[in-house]
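A quick write-up on the structure given underneath.
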Amino acid sequence: MPSPFPGMNPYLEHPSLWAGIHHRLITAIANDLAPKLRPKYIVAIEERVYEVSGDTALLVGVPDVSVQSSLMVARSTESNLAVAATTQSVEVLLPLPEILTEAYLEIRAVETEEVITIIEVLSPKNKQVGIGRLQYETKRLKILGSATHFVEIDLLRQGNSMAMVGNFGQSHYRIVVSPSETRPRASLYGFNLPDKIPEFLVPLRANETQPAIDLKSLLDEIYDQGSYDLRIDYSRPPIPPLSELDMVWVIEKLQQQTLR
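For the sequence shown, this note's numbering assigns the number 4 to the initial residue and increments by one for each residue that follows.
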């Protein structure tokens, strides 16, 4: 069953679903490109691992809201100590470091194993202030200063967009294609919720045919294979929330397909 929207499905951005969507999309892009790139190139799924700790750490196995509640309980207990000491222990939760793993794609030349192109699909941690964004931005700058082509796919409305300069308007979603030979110039595909997801070409070596990626088709396959129609409650608004105007459009689309 295909997604009920002509472009990006905003319900797939839900925090409880996005990790699975990200994993499936990385794999789907790799599987889509692999036969198009043979025999000169291979597509490898690589992983970036980092640890989140300190004030922004999540409690292992506990949702964010529980972290906030536990910290409030601890602070409340501390303030009460000034009034009346207690000899009874109180159970508290301590923030523990979280190991995060993010997948991305490398297109490599078979003969030399040189990395020709890197493809990234942004995660929420990449767009939030913290070590996840810092590490991603550091890697991004390193790639942009190299001879490696770069593709960045941002299908998340929430968070801070990645740095770029130019005469462009705000958009819900972005795809950036940066061939190394044209830098600092790059191609930005900005699109909004009602729009179709634009197809784009993946840069390779000079004078070689560039394969196209149709994200909409891949996302529809993921939606069907993952049975997301059974997992999403379309009677509720999506998370992150939409503007009033966009929500009206979403309701209209869902009603047309008797999903709301």
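All residues carry an ideal CB built from backbone N, CA and C; glycine is no exception.
Since the structure is predicted, the reported quantities are computational estimates derived from the model, not experimental observations.
If I measure Cβ to Cβ from residue i and keep anything under 6 Å in the same chain, skipping five residues before and after, which residues do I get?
{"i": "Leu245", "result": "none"}
{"i": "Gly64", "result": "For Gly64, the predicted model reports a pLDDT of 36, less than 50, meaning its position is unreliable and no value from the coordinates is stated."}
{"i": "Ser73", "result": "A caution first: Ser73 carries a pLDDT of 37, below 50, which makes its placement in the model too unreliable to give a value."}
{"i": "Tyr237", "result": "Leu257, Leu262 and Arg263"}
{"i": "Pro9", "result": "Lys199"}
{"i": "Glu105", "result": "Arg51 and Ser126"}
{"i": "Ala215", "result": "Glu202 and Leu204"}
In terms of residue numbering, what span does the alpha helix (DSSP H) encompassing residue i cover?
{"i": "Thr115", "result": "Looking at the DSSP string, Thr115 is not in any alpha helix (DSSP H), and its letter there is neither H nor E."}
{"i": "Ser19", "result": "Pro18 to Leu40"}
{"i": "Ile242", "result": "First-last for Ile242: undefined, no H or E at that position."}
{"i": "Asn12", "result": "Premise fails: Asn12 is in no alpha helix (DSSP H) and is neither H nor E."}
{"i": "Lys130", "result": "Pro127 to Lys130"}
{"i": "Leu233", "result": "Tyr231 to Arg234"}
Who does residue i pair with in a DSSP beta bridge?
{"i": "Leu108", "result": "Ile48 and Ile122"}
{"i": "Glu54", "result": "Ile102"}
{"i": "Ile216", "result": "Phe203"}
Cβ-heavy atom distance between residue i and the ligand ZN below 7 Å?
{"i": "Pro127", "result": "The model depicted lacks the ligand ZN and carries no ligand whatsoever."}
Excluding the 5 residues flanking residue i on each side, which residues of the same chain have their C-beta closer than 8 Å to its C-beta?
{"i": "Leu224", "result": "The displayed chain sequence assigns Glu, not Leu, to residue 224. Once the five neighbours on either side are set aside, the close Cβ partners of Glu224 are Ala31."}
{"i": "Asp227", "result": "Met4 and Pro5"}
{"i": "Pro241", "result": "Pro13, Tyr14, Glu16, His17 and Val253"}
My parser needs the beta strand (DSSP E) runs of 3 or more residues fully inside the stretch 134–211; what are they? The qualifying runs are 152–157, 176–181 and 190–194.
Taking contact to mean 3 or more Cβ pairs, one atom from each stretch, closer than 8 Å, check whether the stretch 123–133 and the stretch 155–174 are in contact. yes
Do the stretch 160–180 and the stretch 25–39 make contact, defined as three or more Cβ pairs closer than 8 Å? Touching, no.
Do three or more CB pairs link the stretch 131–141 to the stretch 112–119 at distances below 8 Å? With the cut-off at 8 Å, the stretch 131–141 and the stretch 112–119 do not touch.
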